[in-house]
Amino acid sequence: MESINLDILVKKLKALPIKVPIEVLTLWETSNDAWCLKTIEGSIIYVNKSYYDLITPTSYHKKSALAPFSEIIRDHDSMVMHNGLKVDAVGVLSLNEGKDFKSFFCERMPFYNKLAEISGIISHIGTLKVVTPNFFI
Numbered sequence: 001m002e003s004i005n006l007d008i009l010v011k012k013l014k015a016l017p018i019k020v021p022i023e024v025l026t027l028w029e030t031s032n033d034a035w036c037l038k039t040i041e042g043s044i045i046y047v048n049k050s051y052y053d054l055i056t057p058t059s060y061h062k063k064s065a066l067a068p069f070s071e072i073i074r075d076h077d078s079m080v081m082h083n084g085l086k087v088d089a090v091g092v093l094s095l096n097e098g099k100d101f102k103s104f105f106c107e108r109m110p111f112y113n114k115l116a117e118i119s120g121i122i123s124h125i126g127t128l129k130v131v132t133p134n135f136f137i
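Numbering follows the numbering used here, with no gaps: position 126 of the sequence shown is 126.
Printed below as a string of structure tokens:
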């Protein structure tokens, strides 16, 4: 397992406008899955490397891998904010300019502060390796 630089984690925590426990940030930083935290207004304030790779275009004239889902992402964020519940989705990402495809799951859920108020939106994206009916139950 790769060692984590505590000083870097602390600097990232201090830069965030939303208080995040160091244990949560450590989980996000060490995960191969994509993690993002947005404010309740929808501004991205944190992404790990995997999420950064998904939202960064591969070249000047290309869109990011998540660009085709931008309207759905906004709708799901709105649902999370209005209902206070997790929203799940599955889909297919086009990677390497359409040469590769990966099935994925996406969870969008509220991030609560110490007063149990929604203070942000967490997005978690991971690769689907096997899909069975139990996944949807």
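Glycine residues also receive a C-beta, built at the ideal position from the N, C-alpha and C atoms.
Look at S64 here: in three-state DSSP terms it is coil, with no helix or strand label. Excluding the 5 residues flanking it on each side, L13 has same chain C-beta neighbours closer than 7 Å at V20, I22, L25, in chain order. Of E107, D75, V92, L93, the smallest CA-CA separation from K86 is found for E107.
Excluding residues up to 5 positions away in sequence, L54, I55 lie with their Cβ nearer than 6 Å to the Cβ of L66 in the same chain.
The alpha-carbon separation between K102 and G91 amounts to approximately 8 Å. The criterion of a C-beta distance shorter than 8 Å is not satisfied by I44 and G120. I72 and N83 have their C-alpha atoms some 16 Å from each other. Here S94 is actually not in contact with C36; their C-beta atoms are around 19 Å apart, not less than 8 Å. In the three-state reduction of the DSSP assignment, D75 falls in the helix class. Each residue's CA atom was taken as its position, placing D88 and Y60 some 31 Å apart.
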